[in-house]
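Visitor:
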Amino acid sequence: MNEQQHHTTRQDSAVTVIGLGPMGQAMTRTLLAAGHSVTVWNRTVGRADGVVADGATLAATPAEAVEASDLVILSLTDYQAMYDILDSATASLAGRTLVNLSSDTPDRTRKAASWAAGHDADFLSGGVMVPAPMVGSEAAHVYYSGPHEVMENHRAALALFGTPKHLGEDPGLAQMMYQAQLAVFLTTLSGLMHATAMLGTAGMKAEEVLPELLSSADSIGDILRAGEERPGAALDAGEHPGDLSTVNMMGATSDHIVETSTSLGLDLALPLAVQAHYRRAIEDGHGSDNWTRIIDSIREPR
């Protein structure tokens, strides 16, 4: 092996991880287990102790962390944290690939891609769709967006975290999908807690009711797939056939949830928000349409 080949092999196997919360630590350990040389940096130095004990190298500065690898993975609170950390290391970014797996808005992601390009660095955005303990498992998948060639150059390393799903060149797409997935996830969590609180007023313990509620949550996907051979196809066609769950029927149910929650003294923010979607569709004359008609008021709020 000549010197150039040795350098390329070393650089290809080296990865930097900046941000050592639970997700950053899980990714670091996954990379180490696969044989990668991993350099880490974190604002709270003590968080690096565990992964350093496992074989990672702690950089003294962000610039040192960036210079250690061609592939730099960011796992931070938001995109502002990337600027706060890397503004002191911009001279070291040229020729590197930044993969930001932090949560933020699509617009901020696009601005970050432009910022990286201004410092001659490649940029991929991503969203990890599993909690830290599941990183690297067969159930894990990660959405990415940005230049296809850059994605392919680093696919082998990134695939260690979970199945990579590249959505396209627009750097905002992965963040858009991530936030859309979280909209489903967080709304479901709030719904579960609202339902648990509701049943709690009748003296039922969370340990007793959550298995039943979780079973209902698990079945939603199957119910929707059974009602539509190709989920989403009718929506794309602007069709809302009212032969099953109509706006009127679901709207009446939402009224009953609001009335029950009111009588029990529970917070009404979530049930009122749901009720508003159905009331708007009914006001617009779509009561006999399928419940999917509520997308109109979500797309064009008053």
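The working numbering puts the first residue of the sequence shown at 977, with every later residue one more than the last.
Here a beta-carbon is modelled for each residue, glycine too, at the ideal position from N, C-alpha and C.
Small disclaimer: the values here were computed from a predicted structure and weren't measured.
Closest by CA to residue 1126, which one among 1118, 1063, 1101 and 1116?
Guide: Nearest C-alpha to residue 1126: 1101.
Visitor: How many whole angstroms separate the CB atoms of residue 1025 and residue 1055, which I take to be in contact at a CB cut-off of 8 Å?
Guide: Actually they do not touch by this definition, with Cβ atoms about 27 Å apart.
Visitor: Are the Cβ atoms of residue 1136 and residue 1143 separated by less than 9 Å?
Guide: No; because the gap between Cβ atoms is not below 9 Å, this pair is not in contact.
Visitor: In terms of residues, what are the limits of the beta strand (DSSP E) holding residue 1100?
Guide: Segment 1098 to 1104, the beta strand (DSSP E) holding residue 1100.
Visitor: Give every residue of the same chain whose Cβ lies closer than 8 Å to the Cβ of residue 1275, excluding the five residues on either side of it in the sequence, and list them in chain order.
Guide: Closer than 8 Å at Cβ, skipping near neighbours: no residue.
Visitor: Determine the DSSP secondary structure at residue 1111, reduced to helix, strand or coil.
Guide: Coil, per DSSP.
Visitor: Closest to residue 1001 by CA distance: which of 989, 1029 and 990 is it?
Guide: Residue 1001 has its Cα closest to that of 1029, out of 989, 1029 and 990.
Visitor: Please state whether DSSP places residue 1224 in a helix, a strand or coil.
Guide: Helix at residue 1224.
Visitor: Can you give me the C-alpha to C-alpha distance between residue 1076 and residue 1133, rounded to a whole angstrom?
Guide: Approximately 14 Å between the Cα atoms of the pair.
Visitor: Compare the Cα-Cα distances from residue 1268 to each of 1226, 1098 and 1044 and report the closest residue.
Guide: Closest by alpha carbon: 1226.
Visitor: Counting only runs of 3+ residues fully inside the stretch 1103 to 1178, write out the beta strand (DSSP E) ranges in chain order.
Guide: Counting only runs of 3 or more, we get 1117 to 1121 and 1139 to 1142.
Visitor: Could you name each continuous beta strand (DSSP E) segment of 3 residues or more that falls completely within the stretch 1047 to 1075, going from the start of the chain to the end?
Guide: Listed in chain order, they are 1047 to 1050.
Visitor: Can residue 1042 and residue 996 be called in contact, C-beta distance under 9 Å?
Guide: It is not a contact, given that the beta carbons lie outside the stated cut-off.
Visitor: Looking at C-alpha atoms only, which residue of 1175, 1009, 1238 and 1116 is the closest neighbour of residue 1141?
Guide: That would be 1116, whose Cα lies nearest to the Cα of residue 1141.
Visitor: Using 9 Å as the threshold, is the C-beta distance between residue 1289 and residue 1014 below it?
Guide: Because the chain here runs from 977 to 1278, residue 1289 falls outside it and cannot be looked at.
Visitor: Which stretch, first to last residue, makes up the beta strand (DSSP E) that contains residue 1013?
Guide: Per DSSP, residue 1013 belongs to the beta strand (DSSP E) from 1013 to 1017.
Visitor: Would the stretch 1182 to 1201 and the stretch 1229 to 1242 be scored as touching if the rule is three or more Cβ pairs under 8 Å?
Guide: No: fewer than three Cβ pairs fall under 8 Å.
Visitor: Nearest CA to the CA of residue 1152: which residue from 1207, 1182, 1120 and 1138?
Guide: Cα-wise, what sits closest to residue 1152 is 1120.
Visitor: Could you check if residue 1035 is buried or exposed, using at least 16 other CB atoms within 10 Å of its CB as the buried criterion?
Guide: Residue 1035 is buried by the Cβ-count criterion.
Visitor: What separation, rounded to the nearest whole angstrom, lies between the Cα atoms of residue 1087 and residue 1172?
Guide: Distance between the alpha carbons of residue 1087 and residue 1172: 41 Å.
Visitor: Measure the alpha-carbon distance for residue 1009 versus residue 1195 and round it to whole angstroms.
Guide: Whole-angstrom Cα-Cα distance: 36 Å.
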